[in-house]
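K.L.:
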Amino acid sequence: MTLAELQTGQFAEAHELQPGQFGAGFTTRLQAIGVVPGKPIQVLQKAWLGGPLQVRVGSTTEIAIRRHEAALITVNLVNEADFVGAVS
Amino acid sequence: MSAHCHTGSKSVKPTASTATSRRVAVIGQPNNGKSTFFNRITNAGAGVANWPGLTVDLCQATVQLDHHPVEFVDLPGIYDLNGYSDDEKVVQQFLETTQIDLVLVMLNASQIDRQIRTPLQVEALGLPAVVILNMADEAKQFGIEINAQELSTRLGMPIFLISAKYGTGCAKAIAGIAHALDDQPNTYQVTDISASLAQNPVTDARIKSLLHGAVRMPSPLMITLTNKIDRVMLHPVFGLPLFFLSMFAVFWLIWTVGIPTADPVNAATAWLQNKIVDPLIAPLPEVVKDFLINGVWNGITSVASFLPLIGIFFMIMAALEDSGYLSRAAYLMDAFMARVGLDGRAFVMQLMGFGCNVPAIMGTRVMRSRAMRLLSMLVIPFALCSARLQVFVFILAAVLPGPQGAIALFLLYLLSFAVAFLLAAIMSRSSKIFKSTEPFVLEIPPYRLPTIKHVLLRAWGEMKSFAHRASTFIVLGTILTWLLTNLPPGAEGLDTFAGKLGGAFSPIMEPIGINPFLTVSLIFGFIAKEVQIGALAVVYGLGTNALGVKIGETLSFAQAFSYCVFSLLYVPCLTTVATIFGESRSGKFTAFSVALSMTVAWVASFIFYQSARLLGFQ
Chain G
1 MTLAELQTGQ FAEAHELQPG QFGAGFTTRL QAIGVVPGKP IQVLQKAWLG GPLQVRVGST
61 TEIAIRRHEA ALITVNLVNE ADFVGAVS
Chain H
1 MSAHCHTGSK SVKPTASTAT SRRVAVIGQP NNGKSTFFNR ITNAGAGVAN WPGLTVDLCQ
61 ATVQLDHHPV EFVDLPGIYD LNGYSDDEKV VQQFLETTQI DLVLVMLNAS QIDRQIRTPL
121 QVEALGLPAV VILNMADEAK QFGIEINAQE LSTRLGMPIF LISAKYGTGC AKAIAGIAHA
181 LDDQPNTYQV TDISASLAQN PVTDARIKSL LHGAVRMPSP LMITLTNKID RVMLHPVFGL
241 PLFFLSMFAV FWLIWTVGIP TADPVNAATA WLQNKIVDPL IAPLPEVVKD FLINGVWNGI
301 TSVASFLPLI GIFFMIMAAL EDSGYLSRAA YLMDAFMARV GLDGRAFVMQ LMGFGCNVPA
361 IMGTRVMRSR AMRLLSMLVI PFALCSARLQ VFVFILAAVL PGPQGAIALF LLYLLSFAVA
421 FLLAAIMSRS SKIFKSTEPF VLEIPPYRLP TIKHVLLRAW GEMKSFAHRA STFIVLGTIL
481 TWLLTNLPPG AEGLDTFAGK LGGAFSPIME PIGINPFLTV SLIFGFIAKE VQIGALAVVY
541 GLGTNALGVK IGETLSFAQA FSYCVFSLLY VPCLTTVATI FGESRSGKFT AFSVALSMTV
601 AWVASFIFYQ SARLLGFQ
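Encoded structure:
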């Protein structure tokens with residue numbers, strides 16, 4: 001599934017990034033923000049009127065990302081018990 | 001622990017440093033508190049300098065470390081050395097054309113899990129570096145554990161944990177920088193950044209081996225105070241109304257605190273004129289005295305009376321930005337902004353434009369897409385800036401005193417937003433030039449309490465830049481006003497060059513209810529808004545108090561409001577136009593922007609004035 005389809009309260013890991021129509025600049029920016037394969041990812045809020053999502057990447061980075069862009073990030077659902085930090 | 005460079009890169013050339021001062025480049029991601037630490041090192045004594053080949057000025061200062069001069073250069077905050085944004089290109093260009101002795105990498109300690117990429121990229125370039133982990137206080141609150149010693153050993157770079165905001169650890173870090181410089185006498189020159197980064201890519205495996213056991217991040221399930229507040233502030237239904245409420249509070253603050261600040265300044269300059277300037281110039285001939293007082297002195301005092309308002313606005317914006325609320329504003333407004341072809345950040349820039357258009361235009365640099373940058377720059381001039389506010393306060397106080405005037409002013413603010421976003425919607429749909437395909441990914445930082453010191457420092461810096469940029473035009477404007485309104489010699493009112501110029505425009509200005517006197521003020525309002533009312537006073541031949549009475553007597557409500565609508569939309573000041581040209585680097589675009597504004601202003605005033613007349617207002 002994609003990040004755009006993730007519901008608030010579900011836990012997932014980032015899987016793959018597609019550049020879509022935005023090109024390499026988009027995936028580079030996402031990696032710098034911390035969206036890399038295996039990174040814990042969850043949706044905290046969804047804005048009104050089809051607006052952007054508030055997404056937590058890892059444990060201390062939060063971003064606003066439009067739904068169209070979020071659809072380019074595929075994620076895998078994980079159990080809450082397995083939802084630990086990337087490093088410990 | 002001495003800094004030594006990674007030997008994998010072939011494209012960096014170390015040579016023995018023969019220059020008298022060493023050079024340290026400071027890089028890091030945006031919002032890492034880089035400039036706070038930079039101010040600490042340089043004791044806020046940094047100035048901006050232009051570097052050859054770069055399109056922006058960089059902050060730099062030379063400091064004595066261990067009795068050696070060291071030049072620190074603050075590079076723009078960037079996410080990736082391989083990136084595509086304007087700021088990232090500036091950093092790449094700087095690194096490829098300048099000799100550097102050391103790189104200072106500023107990281108946010110709370111986000112070390114992802115920001116560790118930056119020092120690894122610097123390492124891939126073969127440059128020696130010192131890593132500063134800033135916001136150590138925040139990291140502690142999050143429960144992050146960092147074994148700096150172990151991490152430093154694994155990375156091969158000195159690491160210092162600091163809090164630039166509160167000063168903890170800074171002295172040790174600065175000593176560490178001095179030590180690192182002493183340890184390696186070479187200077188470096190990177191030749192090809194993309195090649196170096198392609199040869200030594202930052203791998204997830206490397207990051208994992210670096211951090212495992214040395215850094216402990218908290219659980220992704222944690223709920224912070226910021227999250228609790230955001231459940232309200234970013235609530236899908238309540239978030240937006242709360243935001244509008246807070247914006248209203250800001251404007252109310254500016255109305256009650258900001259506008260009255262002109263009064264003490266005017267009193268002070270009046271006193272100065274009485275006690276010092278007048279006696280000083282008394283022996284000079286009348287014409288010269290008139291020129292000095294009504295020309296030059298007028299220009300200086302009009303800038304002075306206006307600075308406190310702008311200062312307050314910059315302080316409010318700095319506090320909002322430091323608190324993290326502006327990113328949330330961008331998140332809340334993005335749904336609407338996307339529909340008009342812009343994004344959430346463009347809304348924040350528009351807000352900035354209400355203080356002064358110039359820094360707002362410059363703020364569009366953060367947008368990577370040229371189309372969105374141009375569209376944003378096209379609509380920012382419609383923001384009701386503080387200078388225009390002064391014009392409206394004066395006119396409305398004369399024609400519509402009391403609560404009715406306040407309502408009229410509120411309507412002008414609404415008009416400003418409406419025109420800006422309507423135009424954005426139209427332009428983004430009708431021309432490829434303004435159609436943007438930039439992705440919207442914006443970081444939302446935790447809520448932070450702004451420090452008074454930092455807010456004041458930033459506001460002061462902005463005011464200095466503003467005064468520097470705008471004062472030339474404003475003083476020039478008042479001198480030009482004086483010349484055109486006093487020549488030919490002996491002429492008065494509409495017989496002067498200025499009056500004749502105003503009269504020449506009456507065929508197009510009469511249908512919108514603007515008489516030749518007001519037209520003259522609009523001509524000079526183009527040069528600088530601060531001059532607009534002053535020019536009106538001169539062409540009527542009255543002092544400002546008497547002018548207020550005269551306006552109240554001779555202008556109908558419809559004429560006055562039409563004048564306000566036209567003043568709001570027709571064209572920003574010359575400084576703004578110059579900035580638009582500087583940022584867009586296109587004469588065609590700048591000319592288009594001016595032509596568009598004039599047309600929109602005329603059409604809007606026409607619609608208002610003729611409708612008002614039809615409805616019986618005369």
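Chains G and H, in that order, are what the protein sequence lines are. If you number the first sequence the way this note's numbering does, the last residue is 88 and the count never jumps. If you number the second sequence the way this note's numbering does, the last residue is 618 and the count never jumps. Glycine included, C-beta positions come from ideal geometry on N, C-alpha and C.
#1: Just to confirm, is the Cβ distance from G/Phe-22 to H/Thr-472 under 8 Å?
#2: Less than 8 Å between the C-beta atoms of G/Trp-48 and H/Leu-240, yes or no?
#3: Is the separation between the beta-carbon of G/Ala-32 and that of H/Arg-117 shorter than 8 Å?
#4: Could you tell me if H/Glu-286 is buried or exposed, where buried requires 16 or more neighbouring beta carbons within 10 angstroms of its beta carbon?
#5: Among the candidates H/Arg-40, H/Gln-115, H/Val-63 and H/Thr-97, whose CA atom is the shortest distance from the CA of G/Thr-61?
#6: According to the neighbour-count rule (16 or more other Cβ atoms, all chains shown, within 10 Å of its Cβ), is H/Asn-294 buried or exposed?
#7: Does the beta-carbon of G/Asn-76 have 16 or more other beta-carbons within 10 angstroms, so that it is buried, or is it exposed?
#8: DSSP three-state call for H/Lys-289: helix, strand or coil?
#9: Can you list, in chain order, the stretches of the beta strand (DSSP E) that have 3 or more residues and sit fully within the region 111-177 of chain H?
#10: What are the boundary residues of the alpha helix (DSSP H) that includes H/Tyr-325?
#11: Do three or more CB pairs link the region 169-182 of chain H to the region 117-131 of chain H at distances below 8 Å?
#12: Could you tell me the boundaries of the alpha helix (DSSP H) in which H/Leu-423 lies?
#13: Are three or more beta carbon pairs between the region 464-479 of chain H and the region 289-307 of chain H nearer than 8 Å?
#14: Could you have a look at G/Arg-67 and say whether DSSP puts it in helix, strand or coil?
#15: Taking H/Arg-110 and H/Ile-144 to be in contact with their CB atoms under 8 Å, please state how far apart those CB atoms are, rounded to whole angstroms.
#16: For a quick check, are the C-beta atoms of H/Asp-86 and H/Arg-365 less than 8 Å apart?
#17: Can the beta-carbon of H/Gly-543 be found less than 8 Å from the beta-carbon of H/Ala-537?
#18: With H, G and I counted as helix, E and B as strand and the rest as coil, what does DSSP make of H/Cys-385?
#19: When the Cβ atoms of the region 402-416 of chain H are set against those of the region 355-364 of chain H, are three or more pairs found closer than 8 Å?
#20: Going by the beta-carbon positions, is the gap between H/Asn-32 and H/Asn-82 smaller than 8 Å?
#21: Report yes or no: is there a C-beta of chain G within less than 8 Å of the C-beta of H/Val-444?
#22: Provide the residue span of the beta strand (DSSP E) that contains H/Asn-186, from first to last.
#23: Would you mind sorting H/Glu-321 into buried or exposed? The rule is 16 or more other CB atoms within 10 Å of its CB.
#24: Would you list, in chain order, the members of the region 31-45 of chain G that have their beta-carbon closer than 8 Å to a beta-carbon of chain H?
#25: Near H/Val-122, what residues of its chain come up, given a Cβ to Cβ distance below 8 Å and the 5 sequence neighbours on each side ignored?
#26: Is there a C-beta anywhere in chain H that falls below 8 Å from the one on G/Glu-16?
#27: Looking at C-beta atoms only, is the number of pairs between the region 420-433 of chain H and the region 327-340 of chain H that lie closer than 8 Å three or more?
#28: Would you list, in sequence order, the uninterrupted beta strand (DSSP E) runs of no fewer than 3 residues that lie entirely inside the region 76-115 of chain H?
#29: Which residue from G/Pro-37, G/Gln-7 and G/Gln-10 puts its Cα closest to that of H/Ile-207?
#30: Determine the extent of the alpha helix (DSSP H) in which H/Asp-495 is found, giving its start and end residues.
#31: Using a Cβ distance threshold of 8 Å, determine whether the region 310-318 of chain H contacts the region 454-471 of chain H, with at least three qualifying pairs required.
#32: Are the C-beta of G/Thr-74 and some C-beta of chain B separated by less than 8 Å?
#33: Pairing CB atoms from the region 378-392 of chain H with CB atoms from the region 442-454 of chain H, are three or more of them under 8 Å?
#34: Name, in chain order, the residues that DSSP records as bridge partners for G/Asp-82.
#35: Check whether the region 185-194 of chain H and the region 57-70 of chain H touch, using three or more Cβ-Cβ pairs below 8 Å as the test.
P.N.:
According to the structure data:
#1: no
#2: yes
#3: yes
#4: exposed
#5: H/Gln-115
#6: buried
#7: exposed
#8: helix
#9: 129-134 and 159-161
#10: 325-339
#11: yes
#12: 403-430
#13: yes
#14: helix
#15: Checking the displayed sequence, the identity of residue 110 of chain H turns out to be Ser instead of Arg. Their Cβ separation, rounded to whole angstroms, is 6 Å, which keeps H/Ser-110 and H/Ile-144 in contact under 8 Å.
#16: yes
#17: yes
#18: coil
#19: no
#20: no
#21: Going by the sequence as given, residue 444 of chain H is Ile instead of Val. Closer than 8 Å to some Cβ of chain G, the Cβ of H/Ile-444 qualifies, so yes.
#22: 186-190
#23: buried
#24: Gln-31, Ala-32, Ile-33, Gly-34, Val-36, Pro-37, Gly-38, Pro-40, Gln-42, Leu-44 and Gln-45
#25: Ile-27, Leu-81, Val-103, Val-105 and Ala-129
#26: no
#27: yes
#28: 102-108
#29: G/Pro-37
#30: Neither: H/Asp-495 is in no alpha helix (DSSP H) and is coded neither H nor E.
#31: yes
#32: Structure shown: chain B not included; protein chains present are G and H.
#33: no
#34: DSSP, once it has assigned bridges, lists no residue as partnering G/Asp-82.
#35: no
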